[in-house]
Amino acid sequence: MRNDIPDKRAETDESQADLAAAVGVTRQTINAIERERYDPSLELAFALADHFDCRIEDVFEPDD
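What follows is the structure, given as C-alpha cells:
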C-alpha cells in the first residue's frame with residue numbers, strides 16, 4: 593500500500609520516533625509502513641490520518 597507518511601511528517605517536522613509515540617507504535621513500525629514493507633491495521637491507518645488531521649485516503653493509496 594502506497595503512502596504519503598514521509599511527506600506528511602516533513603510538513604509537520606516530525607521524526608519517525610515522534611510520530612510513533614503519538615500513535616502508540618514503535619519507530620520501526622513507522623519505518624516499515626513508510627518503506628511499504630508493512631500494511632498497517634485499519635485502526636492504525638485511521639490513527640495516522642487523524643494525527644495528520646486528514647482523511648485516510650490522503651495518507652494511503654491501495655496498490656493497483
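Each residue of the sequence shown is one higher than the last, beginning at 593 in the numbering used here.
Don't be surprised by glycine CBs; every beta carbon is placed ideally from N, CA and C.
Provide the residue span of the alpha helix (DSSP H) that contains residue i, from first to last.
i           : result
residue 647 : No alpha helix (DSSP H) contains residue 647, which DSSP labels as neither H nor E.
Given that a residue counts as buried once 16 or more other Cβ atoms are within 10 Å of its Cβ, and exposed if not, what is residue i?
i           : result
residue 598 : exposed
residue 640 : buried
residue 632 : buried
Can you tell which of the options has the C-alpha that lies nearest to the C-alpha of residue i?
i           : options            : result
residue 609 : 594, 626, 595, 593 : 626
residue 635 : 604, 615, 600      : 615
residue 601 : 631, 655, 646      : 646
* Asked: What are the uninterrupted segments assigned as alpha helix (DSSP H) that are 4 or more residues long and contained completely in the segment 598-640, given in chain order?
  -> Segments of the alpha helix (DSSP H) lying fully in the segment 598-640: 608-615, 619-626.
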